[in-house]
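Visitor: Structure in structure tokens, see below.
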Amino acid sequence: MAALAALLRRDMRLTVRVGGGALMGVLFFLIVVVMVPFALGPDLALLARTGPAILWLGALLASLLALDRLFAADHEDGSLDLILMGRAPLELAVAAKALAHWLTTGLPLVIAAPLLGLFLNLAPAAIGAVALTLLVGTPALTCIGLIGAALAVALRRGGLLVPVLVLPLTIPVLIFGVAASNAAVTGPLPFGTPFTVLVALTLASVVLGPFAAAAALRHGLD
Amino acid sequence: MRLSELANPSRFNALAERVLPWLVVATALAFALGLYQALFVAPDDYQQGATVKIMFIHVPSAWLGMLGWALMSIAALGTLVWRHPLADVAMKAAAPIGAAFTLICLVTGSLWGRPTWGTYWVWDARLTSVLILFLMYLGVIALWRTVEDPSRAARAAAILTLVGAVNLPIIKFSVDWWNTLHQPASVLRLGGSTIYPTILVPLLIMAVAFTLLFVTLHLSAMRNELLRRRVRTLRLMRAAAANP
Numbered sequence: 001m002a003a004l005a006a007l008l009r010r011d012m013r014l015t016v017r018v019g020g021g022a023l024m025g026v027l028f029f030l031i032v033v034v035m036v037p038f039a040l041g042p043d044l045a046l047l048a049r050t051g052p053a054i055l056w057l058g059a060l061l062a063s064l065l066a067l068d069r070l071f072a073a074d075h076e077d078g079s080l081d082l083i084l085m086g087r088a089p090l091e092l093a094v095a096a097k098a099l100a101h102w103l104t105t106g107l108p109l110v111i112a113a114p115l116l117g118l119f120l121n122l123a124p125a126a127i128g129a130v131a132l133t134l135l136v137g138t139p140a141l142t143c144i145g146l147i148g149a150a151l152a153v154a155l156r157r158g159g160l161l162v163p164v165l166v167l168p169l170t171i172p173v174l175i176f177g178v179a180a181s182n183a184a185v186t187g188p189l190p191f192g193t194p195f196t197v198l199v200a201l202t203l204a205s206v207v208l209g210p211f212a213a214a215a216a217l218r219h220g221l222d
Numbered sequence: 001m002r003l004s005e006l007a008n009p010s011r012f013n014a015l016a017e018r019v020l021p022w023l024v025v026a027t028a029l030a031f032a033l034g035l036y037q038a039l040f041v042a043p044d045d046y047q048q049g050a051t052v053k054i055m056f057i058h059v060p061s062a063w064l065g066m067l068g069w070a071l072m073s074i075a076a077l078g079t080l081v082w083r084h085p086l087a088d089v090a091m092k093a094a095a096p097i098g099a100a101f102t103l104i105c106l107v108t109g110s111l112w113g114r115p116t117w118g119t120y121w122v123w124d125a126r127l128t129s130v131l132i133l134f135l136m137y138l139g140v141i142a143l144w145r146t147v148e149d150p151s152r153a154a155r156a157a158a159i160l161t162l163v164g165a166v167n168l169p170i171i172k173f174s175v176d177w178w179n180t181l182h183q184p185a186s187v188l189r190l191g192g193s194t195i196y197p198t199i200l201v202p203l204l205i206m207a208v209a210f211t212l213l214f215v216t217l218h219l220s221a222m223r224n225e226l227l228r229r230r231v232r233t234l235r236l237m238r239a240a241a242a243n244p
């Protein structure tokens, strides 16, 4: 347990100190959300209607880009082998890394989302709904991304492989996240229905992601 | 011949060489019978006319697209759990074939939808989940191509295949769980099939023909993959001998 806490603290410190860390993800989120009105045009009603989807897509892409920080650096300097050989179960170690990744990458996105919602002319109810669904959904994005990052850890020229592997698996999270945000603003569907499914998806991925990622690490590194 | 005896690639190749001609003949006969039944015996639908006969290609392709992934999942278990030497060959060979059948399913379904639904595509649950299956097939093929060492690629692909297997029940039950434009299950459902026998029989014959085609292509692809690995090993040995 102390080993897991140490791993968590180490990962968080490394993310904050090295390579831009949390703010780089938020910056990318900001840039994507700013570029969409340039593409769609300044029609505020249209932006308000598509706002939750734009915020969710931006958050998804920002978490995707941050995934290679999960395992690649540790693999290069050998600390991934140490984690594999350590006494803590690999699944828990991977879950600790996922938690560190979410706290330093996902959570800043959730905090930035309401501010970016103002750029998209979202109603207060929509901003609250988007923030809440992102809060619940970004752990799922992290844990599903964990699988792709673990599969591609030993590749030098991975390129776009991780997004290609991870994005189809994150489609349900995206669908229900946006559905819940839209339900809070318009529509006969109550907010609770898609939100509950989103929570279920997150809980399932928090359990399955570390198991699959640990299996991928074990089989991929020898 | 037990599964463990088939683990020897040379013995597998010998068996496949003996079996393949018979499989090719059986596939051709099944297709001949199925196409005759589909084109000349099955009646036109009272609403759709002759376009209903796209179903005889569309539905078996859909079944085989899902069968391909199910076969890959079983082979993935063979790789990870039992370490069967040919399991990863089976898994790698099945991916492009399953992807092709899924693509045929999507394209024929789209062509069928234009006259009957009025649109080439709609984002309902069944079409979306089959499209996701196709994307996952492409992802697995990409993973095989990106990792250079075949055995490491096999283990990574096995894990990805098992993770993606969760999509199969979603596809099957999507028409029941969501209010979709795609018609609900009419062959494999509780309470028996709801299709009239004059259309059901040609459909099942075509399904058998398509399955035989899948098996034939899969066995040929497995032989090709084994040959490809032998070539790779020989190249590596020659390169190692050239630079002592």
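Line by line, the protein sequences are chains X and B. Take 1 as the starting number for the first sequence in the working numbering and just add one per residue. Take 1 as the starting number for the second sequence in the working numbering and just add one per residue. Ideal Cβ positions, reconstructed from N, Cα and C, are used throughout, including at glycine.
Look at the Cβ atom of S63 (chain X), then the Cβ atom of L120 (chain X), and state whether they are nearer than 9 Å.
Guide: Cβ atoms of S63 (chain X) and L120 (chain X): not closer than 9 Å.
Visitor: Spatial neighbours of I54 (chain X) within its chain, please: CB distance less than 7 Å, with the 5 preceding and 5 following residues excluded, ordered by chain position.
Guide: Cβ within range, chain order: V33, V36 and L120.
Visitor: Any residues in the stretch 67-95 of chain B with a beta carbon nearer than 8 Å to a beta carbon of chain X? Which ones, in chain order?
Guide: Taking 8 Å as the Cβ-Cβ cut-off against chain X, the residues of the stretch 67-95 of chain B that qualify are L80.
Visitor: Within 9 Å (strictly less), CB to CB, does P168 (chain X) reach chain B?
Guide: Answer yes: the Cβ-Cβ gap between P168 (chain X) and chain B drops below 9 Å somewhere.
Visitor: Say whether chain B places a C-beta atom closer than 9 Å to the C-beta of G220 (chain X).
Guide: G220 (chain X) counts as touching chain B.
Visitor: Buried or exposed, going by whether 16 or more other CB atoms sit within 10 Å of the CB of A212 (chain X)?
Guide: Buried, by the Cβ-count rule.
Visitor: I'd like to know if G98 (chain B) contacts chain X, where contact means its C-beta is closer than 9 Å to some C-beta of that chain.
Guide: So no, G98 (chain B) is outside the interface.
Visitor: Inspect the beta-carbon positions of A149 (chain X) and F29 (chain X) and report whether they are closer than 9 Å.
Guide: Contact: no.
Visitor: Taking 8 Å as the threshold, find out whether the stretch 212-221 of chain X comes into contact with the stretch 69-88 of chain X through three or more Cβ pairs.
Guide: Yes, since at least three Cβ pairs between the stretch 212-221 of chain X and the stretch 69-88 of chain X fall closer than 8 Å, the two stretches touch.
Visitor: Listed from N- to C-terminal order along the chain, which residues in the stretch 137-159 of chain X have their beta-carbon within a distance smaller than 8 Å of any beta-carbon of chain B?
Guide: Hits within the stretch, in order: I147, L151, A152, A154, L155, R157, G158 and G159.
Visitor: Suppose you measure from the CA of L212 (chain B) to the CA of L47 (chain X); what does that come to, to the nearest Å?
Guide: Distance between the alpha carbons of L212 (chain B) and L47 (chain X): 52 Å.
Visitor: Buried or exposed: where does T79 (chain B) fall if 16 or more other Cβ atoms within 10 Å of its Cβ makes it buried?
Guide: By the neighbour-count rule (16 or more Cβ atoms within 10 Å), T79 (chain B) is buried.
Visitor: For D124 (chain B), which of helix, strand or coil comes out of DSSP?
Guide: Coil, per DSSP.
Visitor: Taking any Cβ of chain X, which residues in the stretch 129-141 of chain B have a Cβ under 7 Å from it, in chain order?
Guide: Those would be I132, L135, M136 and G139, in chain order.
Visitor: So, helix, strand or coil for D45 (chain B), using DSSP?
Guide: Strand.
Visitor: Mapping the DSSP letters down to three states, classify K83 (chain B) as helix, strand or coil.
Guide: Note on residue identity: the sequence assigns Arg, not Lys, to residue 83 (chain B). Three-state result, R83 (chain B): coil.
Visitor: Compare the Cα-Cα distances from M136 (chain B) to each of B:M72, B:V147 and B:T119 and report the closest residue.
Guide: Per the Cα distances, B:M72.
Visitor: Run down chain X in chain order and give the residues with a C-beta less than 8 Å from the C-beta of R126 (chain B).
Guide: Near R126 (chain B) there are no residues of chain X at all, since even the closest Cβ is about 14 Å away, more than 8 Å.
Visitor: Using 8 Å for Cβ pairs, my map puts M222 (chain B) next to A16 (chain B). What's the rounded Cβ distance?
Guide: Indeed they touch by this definition, with Cβ atoms about 7 Å apart.
Visitor: Excluding five sequence neighbours on each side, which residues of the same chain lie with their C-beta closer than 7 Å to the C-beta of G137 (chain X)?
Guide: Answer for G137 (chain X): V173, G177, L198 and T202, listed in chain order.
Visitor: In whole angstroms, what is the alpha-carbon distance linking L236 (chain B) and K92 (chain B)?
Guide: Approximately 21 Å, taken between the alpha carbons.
Visitor: Name the chain X residues whose beta carbon is nearer than 7 Å to that of V147 (chain B)?
Guide: The contacting residues are L155.
Visitor: So the alpha helix (DSSP H) S73 (chain B) belongs to, where does it begin and stop?
Guide: Residues M55 to L77.
Visitor: Just to confirm, are T161 (chain B) and A153 (chain B) a CB contact at a threshold of 9 Å?
Guide: Contact: no.
Visitor: Sorted by chain position, which residues of the same chain lie with C-beta nearer than 6 Å to L132 (chain X)'s C-beta, five sequence neighbours on each side aside?
Guide: Result list for L132 (chain X): empty, nothing under 6 Å.
Visitor: Specify, as a first and last residue, the run of the alpha helix (DSSP H) that Y36 (chain B) falls within.
Guide: Its alpha helix (DSSP H) spans residues P9 to Y36.
Visitor: Under a three-way DSSP split, which group does N121 (chain X) fall into?
Guide: Note: N121 (chain X) maps to coil in three-state DSSP.
Visitor: Count the other C-beta atoms from every protein chain shown that fall within 10 angstroms of the C-beta of W178 (chain B), then say buried if there are 16 or more, exposed otherwise.
Guide: It counts as exposed.
Visitor: Identify every run of the beta strand (DSSP E) within the stretch 92-157 of chain B, keeping only runs that are complete inside it and at least 3 residues long; order them along the chain.
Guide: The qualifying runs do not exist here; there are none.
Visitor: Give the DSSP-derived three-state secondary structure of V153 (chain X) in the structure shown.
Guide: V153 (chain X): coil per DSSP, three-state reduction.
Visitor: Chain B beta carbons: is any one of them nearer than 9 Å to that of I54 (chain X)?
Guide: It does not: the Cβ of I54 (chain X) has no partner Cβ on chain B nearer than 9 Å.
Visitor: Just the chain X side, please: which residues come within less than 8 Å of I57 (chain B) by C-beta, in chain order?
Guide: By Cβ distance, chain X contributes nothing, its closest Cβ being about 25 Å from I57 (chain B), past 8 Å.
Visitor: Comparing the C-beta of L106 (chain B) with each C-beta of chain X, is any distance below 9 Å?
Guide: Chain X contact via Cβ: absent.
Visitor: Tell me which residue opens and which closes the alpha helix (DSSP H) that S63 (chain X) is part of.
Guide: First-last of the alpha helix (DSSP H) with S63 (chain X): L44 to L65.
Visitor: Counting only Cβ pairs nearer than 9 Å, list the residues of chain X close to A14 (chain B).
Guide: Under the 9 Å cutoff, chain X gives no residues; its nearest Cβ is about 31 Å from A14 (chain B).
Visitor: If we require 4 or more residues per run, which alpha helix (DSSP H) segments fall completely within the stretch 181-242 of chain B?
Guide: Qualifying alpha helix (DSSP H) stretches, in chain order: 197-242.
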